[in-house]
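Participant: Each residue of the sequence shown is one higher than the one before, starting from 1 at the first, in this note's numbering. Think of the CB as a built atom: it goes at the ideal place given N, C-alpha and C, for glycine as much as any other residue. Encoded as structure tokens, here's the structure I'll be asking about.
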Amino acid sequence: DGERLLVNEIAPRVHNSGHWTIEGAVTSQFEQHIRAIAGWPLGGTEALGEVVMENLIGEEIDRFEELLGEPEAHIHHYGKRTVRPGRKMGHVTWLRR
């Protein structure tokens, strides 16, 4: 019918782009992954509200303490010792229910 699908990456694992599901979806990508490989029914995929995920790249991780005061922010600090430009140091998921 002329429709095409363009795929730029296939990852047989959970993916950084889905980390927002940890707090923001009925079932996180991590739980979905376990369900799929165990042959269990998949869980719901609905968002729990307005969700935005923001990567903390390089020195942006210095915002960590500032973000702790934000009630809608769920912060994930990856604990990497060396900060480099372009390196993903963590992420924050903003969830408004």
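1) I'd like to know whether the C-beta atoms of Val83 and Glu66 end up nearer to each other than 8 Å.
2) If the criterion is Cβ atoms closer than 8 Å, does the pair Ile61 and His74 meet it?
3) Give me whichever residues DSSP pairs with Glu50 in a beta bridge.
4) Between the C-alpha atoms of Gly2 and Asn8, what's the straight-line distance to the nearest angstrom?
5) Could you tell me the boundaries of the beta strand (DSSP E) in which His19 lies?
6) Quick check on the DSSP output: the beta strand (DSSP E) that includes Ile75 runs from which residue to which?
7) State the start and end residues of the unbroken alpha helix (DSSP H) segment that holds Ile61.
8) Could you pull out every residue in the same chain whose Cβ sits closer than 8 Å to the Cβ of Glu72, ignoring the five residues on either side in sequence?
9) Please go through the same chain and pick out, in chain order, the residues whose beta-carbon is closer than 6 Å to the beta-carbon of Ser28, but skip the five residues on each side of it.
Facilitator: On the basis of the data shown:
1) no
2) no
3) DSSP, once it has assigned bridges, lists Arg96 as partnering Glu50.
4) 19 Å
5) It is not in any beta strand (DSSP E) - His19 carries neither H nor E in the DSSP assignment.
6) 73 to 77
7) Counting along the chain, Ile61 falls outside any alpha helix (DSSP H), and DSSP gives it neither H nor E.
8) Trp94, Leu95, Arg96
9) Thr21, Ile22
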